[in-house]
Structures are given as C-alpha cells and as structure tokens.
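One structure is given below, encoded as structure tokens.
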Amino acid sequence: MLELKHVGKTYPHTVKRTLKDINLTIEEGEFICIVGPSGCGKTTLLNLVAGLEEPTKGEIFLDGVPVKGPGADRVVMFQEAALYPWLNVMDNVMLGMEFLGIPKEERKSRALKYLKMVHLSQFTEYPIHQLSGGMRQRVALARALSMDSKILLMDEPFSALDKQTTNMLRGELEQIWMKDHSKTILFVTHSAEEAVYFADRIVVLSENPGQIKEIIPCDLKRPRQIDDEAFVHLRHMLLESVKKEVVKFAREEYDEA
Amino acid sequence: MQEKSTTKLKKGLELALFFLLLIVLWQVLYLLFVDVFKVWKPYSAPSPAGVWSTFVNLLKSGVLLSALLKSLGRGGAGFALSVFAGLILGVLIHHFPYLNRNLKPVIMGMQTLPSICWVPFAILWFGLNNSAILFVVVMGSAFSVALAVDDGIKSVPPLYIKAAKTMGAGQRDLYLKVILPACVPSFIAALKQGWSFAWRALMSGEVMSSTVGLGQTLIIGRDMADINQVMLVMLVIIAAGVLIDKCIFTALENRVLRKRGLM
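So the sequence lines, in the order shown, correspond to chains A and B. Note that our numbering gives residue 72 to position 72 of the first sequence, counting from 1, and the numbers run on in steps of one. Note that our numbering gives residue 380 to position 123 of the second sequence, counting from 1, and the numbers run on in steps of one.
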C-alpha cells in the first residue's frame with residue numbers, strides 16, 4: 001500500500017506552488033493513472049514517490065515505511081528509455097538486477113524471460129544505438145519488470161513513440177500486469193485514451209497549485225476496447241475534466257494582466 | 258566497404274602528394290635564395306637534401322633512435338604519472354563542492370602557465386636530471402587532465418544517474434558501473450589533450466636539461482650550428498607526437514565512439 005499524506009512541493013525561487021496537499025492511498029496491485037494539464041506537477045508527483053525529489057510538506061509511506069530517497073522497490077520507467085549505450089540489450093536488462101545483487105545465472109534467465117515477453121529475444125546482443133525508439137522503450141520495460149519491484153512508476157513512457165508501437169506496448173504492459181495483478185503501477189500520461197485504457201482509478205490533477213481535482217473510478221471490463229461505447233464516454237468525460245482545468249488556468253495566467 | 262577503402266586510399270594519396278609538393282617548394286626556395294640570389298647563407302638555411310643526409314647519418318650512428326626512444330619512454334612515464342594525478346584531482350574537484358569552488362580556479366590558473374615556466378623551478382628543486390623533466394611533464398599536463406575529467410563527469414546525462422538510483426544502485430555501483438563507463442569517451446579526450454600537453458612539456462624540459470633525448474639532440478644541433486639537424490629533430494618531434502596521437506588515442510576514441518553509435 002502506498003500512501004501520500006498532505007504531500008506538498010514548492011521549489012525555491014518560485015512563487016508557484018507545484019503541488020499542494022496531495023492525499024492519495026493506492027492499494028497493492030492497483031493501476032493508477034495520473035492526468036492533468038501540462039505543468040501541473042504530474043512528473044513531480046511521480047518523482048516524489050520515486051524518491052528522486054523530496055516533498056517540502058507531508059510524507060509518503062510505502063507499506064507504512066516513510067519513503068526516503070530512491071530505491072529498487074519503486075522502479076521508474078522514464079519518457080526516454082534511459083538505457084546505457086556501452087552495454088548491449090541483454091546487459092542493459094541485467095544491470096538493474098546486478099544492483100540488487102541477484103546471482104548471474106538468475107539475472108540471465110530473468111532477462112531472457114522478460115525480453116521474450118517484449119518480443120526482443122532475438123536482439124539480446126544488439127547495441128542500443130541500433131534499436132528503434134520503440135524497441136528501446138521495450139528494453140526499458142523488460143529491465144523495469146525484471147527488477148520485480150513492488151511499484152512500477154511510469155512517466156509518459158509511450159508518449160514519444162508512434163501510434164502502432166504505442167498500441168503494441170500498451171497491450172504488452174496490460175497483459176503483463178493482468179497476469180498476476182500483484183504489481184502496483186503509477187502511470188503518468190497526458191493521453192485521456194491511455195488513462196482510460198489502463199486505469200483502475202484515474203487521478204485528475206488541477207493546476208497552480210497542483211492538487212487532486214477528482215478521482216475517477218474506471219471499472220470497464222478488460223481488455224478494454226477503445227471504440228467501445230463506455231470507453232468513449234469515459235474518455236470524453238475525462239477530457240472535459242482536464243480541458244476545464246486548462247481553460248481555467250489560461251484565464252488566470254493570461255487575462256489577469 | 259570497397260568504396261570506403263578506395264576513398265581512404267585516395268585521401269592518403271592526396272596527402273602524400275601534398276607533402277611532396279611542399280618538399281619540392283622547399284627545395285626550389287632553397288635553390289633560389291641560397292644558390293641563385295645568394296640572400297641566405299647555406300649554414301642558416303636547411304635544405305631537404307641536407308635534412309635527409311642528417312637523418313641517414315643520425316640513424317646510422319644510432320643517435321636518433323636512442324634519443325627518440327628515451328624521449329618516448331620519458332614522455333610515457335610522465336604522461337602516466339600525470340594521468341594518475343589528474344584523474345584523482347579531477348574526481349576530487351568534481352566530488353567536493355568546496356574544492357570545486359576554490360581549488361578548481363587555482364587549477365585553471367596553473368593550466369594557463371606555459372610548461373616551460375616550470376623548468377627553472379624544476380632545475381632548482383631536482384637539478385639537471387630526469388626527475389626535473391618528469392616534474393615539468395606532470396605539471397604541464399596533469400591539470401589539463403584533471404579539468405577534462407571534471408568536465409567529463411559533469412557531462413554524464415542526469416537521466417543515466419536517475420535511472421540507476423531508482424534501480425537501487427549504491428554510491429559504489431553508481432560510480433563504477435554507470436558514471437565511469439559513461440565518462441570513457443570524455444576520458445579518452447582528456448588523455449588525448451593530456452598527451453599533447455605532456456609531449457610539449459617534455460620538449461621544454463629536455464631542451465633545458467642535459468640528458469639524452471630529442472630535446473638534447475635539438476640543442477646539440479644548435480651548438481654545432483647545424484641547421485639541418487635542428488630542422489630534422491623538429492620534424493621528428495612533430496611526427497612522433499602526431500603518430501602517438503593518431504595511432505593510440507584517436508584510434509581508441511574512434512573505437513569507443515563507434516561501439517556506442519556516436520560516429
């Protein structure tokens with residue numbers, strides 16, 4: 001269980017409060033999507049949970065223990081693949097497990113298992129620079145999954161990819177998540193479609209200060225079809241909710257002067 | 258592949274022809290100004306033929322080879338020392354903000370001092386010997402290595418470090434398995450720069466002191482008023498410096514960059 005209690009974040013030298021009083025409890029195995037207008041602090045929220053940044057107010061607890069700094073129980077998948085160019089595909093996947101002190105044989109077999117899962121088992125020896133963007137992100141996914149962390153934090157991991165690749169990766173991620181339902185995923189996205197596709201609950205952030213505007217439960221049957229009526233309806237609702245925020249923000253920001 | 262090697266051959270041929278042209282021009286100038294117009298005295302103008310015969314003589318007597326080997330050995334030792342010192346210094350000024358604020362400007366200042374300015378100091382400290390030259394070499398290149406190392410670590414993409422941290426990498430793993438390998442290309446660039454500084458500093462040291470080496474051979478040329486020998490040794494110094502850079506550092510650099518898809 002991940003708990004955020006009155007979490008706030010203010011950066012020095014700015015008047016703007018990035019995040020204000022975030023209260024959120026996430027159960028084990030839940031798939032949570034965070035949406036909101038750009039600049040509302042989605043990524044900051046994720047970084048706080050990851051321990052890459054510290055909240056200026058409030059606290060974050062993972063299974064009752066306060067989060068202090070980054071750790072392998074909260075692996076992050078970034079917008080860019082963050083692979084290491086001096087290692088090949090296989091070694092990149094194995095490096096995370098090496099940090100965990102997993103013995104070499106097991107590292108190998110696990111890496112292979114997850115590379116198969118993302119359909120890259122033929123590319124284990126490839127250098128990173130010979131992979132396409134989508135393939136790189138799949139390697140990053142395999143690496144993140146192989147670490148078997150309690151929580152997987154994903155920061156718009158598919159946003160830089162083309163439509164086809166995105167769809168394929170979505171399907172893969174969903175399948176992997178559905179397999180054992182034990183992994184908690186916190187997924188930041190700016191795509192309403194993606195949020196409705198994945199989430200058990202969608203957290204909508206408002207802007208300036210960033211706070212939780214509403215939490216939309218999303219219990220459509222899986223696997224979800226994006227042209228399903230209920231899907232379209234929910235997506236529309238979500239878009240409206242976010243759009244209102246954007247309009248409100250634009251008014252405050254540009255009309256006041 | 259075939260095409261690549263032919264363009265390489267073409268380029269090499271072009272360069273060789275250019276050098277030939279330079280030598281021809283040199284010879285023509287020599288003939289004109291020394292033999293025809295008699296503006297230059299023969300003893301103050303080097304000629305291609307004269308340099309060549311000096312080359313053959315010095316090669317036969319073994320003087321050139323032993324001087325070259327001595328200088329290379331000394332340069333190599335001094336360079337190794339300054340890489341070692343520069344690495345440590347570079348990591349230190351990167352890691353401790355206090356040193357970065359205060360010691361780094363001092364190192365940058367030292368870096369602006371031409372290495373020949375260390376020679377008098379070295380002679381007073383060590384005497385006219387090998388240690389003095391090594392000292393000059395280290396002073397001439399360690400600082401540039403340190404600054405390049407600091408720069409190299411600084412230019413590691415923050416995302417590499419963030420990703421490693423969220424995968425549970427400790428300080429040791431972070432430095433050894435992420436930051437260090439990420440720095441390899443800039444380390445090689447640092448070595449390259451360090452070598453060129455070391456080689457120059459070595460010559461400053463050798464010219465001033467009196468142990469066997471290219472610098473001393475150069476000075477003997479001056480003492481005997483043998484302009485051809487002076488010219489020859491200068492050419493050998495250039496050739497040795499360039500060859501080491503091309504055959505070791507640039508080759509290494511290309512290999513690493515190619516492996517990472519950076520060229």
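From the three backbone atoms N, C-alpha and C, an ideal C-beta is built for every residue, glycine too.
Residue i: which of the options sits nearest, CA to CA?
{"i": "residue 92 of chain A", "options": "A:226, A:209, A:146 and A:220", "result": "A:146"}
{"i": "residue 494 of chain B", "options": "B:332, B:395 and B:288", "result": "B:332"}
{"i": "residue 1 of chain A", "options": "A:25, A:200, A:138 and A:55", "result": "A:25"}
{"i": "residue 515 of chain B", "options": "A:198, A:219 and A:129", "result": "A:129"}
{"i": "residue 204 of chain A", "options": "A:36, A:5 and A:30", "result": "A:36"}
{"i": "residue 326 of chain B", "options": "B:483, B:440 and B:472", "result": "B:472"}
{"i": "residue 510 of chain B", "options": "B:477, B:440 and B:454", "result": "B:440"}
{"i": "residue 75 of chain A", "options": "B:423, B:306, B:289 and B:297", "result": "B:423"}
{"i": "residue 305 of chain B", "options": "B:285, B:298, B:316 and B:437", "result": "B:285"}
{"i": "residue 182 of chain A", "options": "A:118, A:112, A:31 and A:54", "result": "A:31"}
{"i": "residue 343 of chain B", "options": "B:270, B:430, B:400 and B:465", "result": "B:400"}
{"i": "residue 207 of chain B", "options": "B:404, B:443, B:475 and B:415", "result": "Outside the modelled stretch of chain B, which goes from 258 to 520, sits residue 207 of chain B, for which no answer is possible."}
{"i": "residue 238 of chain A", "options": "A:41, A:122, A:216 and A:113", "result": "A:216"}
Should residue i be labelled buried (16 or more other beta-carbon atoms within 10 Å of its own) or exposed?
{"i": "residue 337 of chain B", "result": "exposed"}
{"i": "residue 214 of chain A", "result": "exposed"}
{"i": "residue 46 of chain A", "result": "buried"}
{"i": "residue 88 of chain A", "result": "buried"}
{"i": "residue 195 of chain A", "result": "buried"}
{"i": "residue 485 of chain B", "result": "buried"}
{"i": "residue 157 of chain A", "result": "buried"}
{"i": "residue 280 of chain B", "result": "exposed"}
{"i": "residue 43 of chain A", "result": "buried"}
{"i": "residue 257 of chain A", "result": "Residue placement at residue 257 of chain A cannot be trusted, given a pLDDT of 43 that sits under 50; what the coordinates show is reported in the next sentence. With fewer than 16 other Cβ atoms within 10 Å, it is exposed."}
{"i": "residue 81 of chain A", "result": "buried"}
{"i": "residue 105 of chain A", "result": "exposed"}
{"i": "residue 309 of chain B", "result": "exposed"}
{"i": "residue 300 of chain B", "result": "exposed"}
{"i": "residue 272 of chain B", "result": "exposed"}
Run through chain B and tell me which residues come within less than 8 Å of residue i, C-beta to C-beta.
{"i": "residue 134 of chain A", "result": "Those do not exist, as residue 134 of chain A stays about 17 Å from chain B at its closest Cβ, beyond 8 Å."}
{"i": "residue 89 of chain A", "result": "Those do not exist, as residue 89 of chain A stays about 13 Å from chain B at its closest Cβ, beyond 8 Å."}
{"i": "residue 272 of chain A", "result": "Coverage of chain A is limited to positions 1 through 257, which leaves residue 272 of chain A absent and any answer about it impossible."}
{"i": "residue 130 of chain A", "result": "518"}
Would you verify that the beta carbon of residue i is, or is not, closer than 7 Å to some beta carbon of chain A?
{"i": "residue 424 of chain B", "result": "yes"}
{"i": "residue 408 of chain B", "result": "no"}
{"i": "residue 438 of chain B", "result": "yes"}
{"i": "residue 500 of chain B", "result": "no"}
{"i": "residue 507 of chain B", "result": "no"}
With DSSP run on the structure shown, which of helix, strand or coil describes residue i?
{"i": "residue 502 of chain B", "result": "helix"}
{"i": "residue 218 of chain A", "result": "coil"}
{"i": "residue 75 of chain A", "result": "strand"}
{"i": "residue 67 of chain A", "result": "coil"}
{"i": "residue 158 of chain A", "result": "coil"}
{"i": "residue 257 of chain A", "result": "Its pLDDT being 43, under 50, residue 257 of chain A is placed unreliably in this model, and the value from its coordinates should be taken loosely. Of the three classes helix, strand and coil, the one that applies to residue 257 of chain A here is coil, per DSSP."}
{"i": "residue 101 of chain A", "result": "coil"}
{"i": "residue 21 of chain A", "result": "strand"}
{"i": "residue 245 of chain B", "result": "The structure shown does not extend to residue 245 of chain B, since chain B is modelled only from 258 to 520, so the question has no answer here."}
{"i": "residue 33 of chain A", "result": "strand"}
{"i": "residue 181 of chain A", "result": "coil"}
{"i": "residue 4 of chain A", "result": "strand"}
{"i": "residue 201 of chain A", "result": "strand"}
{"i": "residue 211 of chain A", "result": "strand"}
{"i": "residue 226 of chain A", "result": "coil"}
{"i": "residue 344 of chain B", "result": "helix"}
Using a Cβ cut-off of 9 Å, pull out every chain B residue sitting near residue i, in sequence order please.
{"i": "residue 230 of chain A", "result": "Residues of chain B passing the Cβ test: none, with the nearest at roughly 35 Å."}
So with CB distances below 8 Å, who are the chain A contacts of residue i?
{"i": "residue 516 of chain B", "result": "86 and 127"}
{"i": "residue 435 of chain B", "result": "84"}
Looking at the C-beta of residue i, does it have a partner C-beta in chain B at a distance below 7 Å?
{"i": "residue 72 of chain A", "result": "yes"}
{"i": "residue 50 of chain A", "result": "yes"}
{"i": "residue 67 of chain A", "result": "no"}
{"i": "residue 96 of chain A", "result": "yes"}
Check the Cβ of residue i against every Cβ in chain A and list those closer than 7 Å, keeping chain order.
{"i": "residue 430 of chain B", "result": "99"}
Please list the partners that residue i has in chain A, where partner means a Cβ-to-Cβ separation under 9 Å.
{"i": "residue 441 of chain B", "result": "86"}
For residue i, which residues in chain B fall below 7 Å Cβ to Cβ?
{"i": "residue 75 of chain A", "result": "423 and 424"}
{"i": "residue 147 of chain A", "result": "424"}
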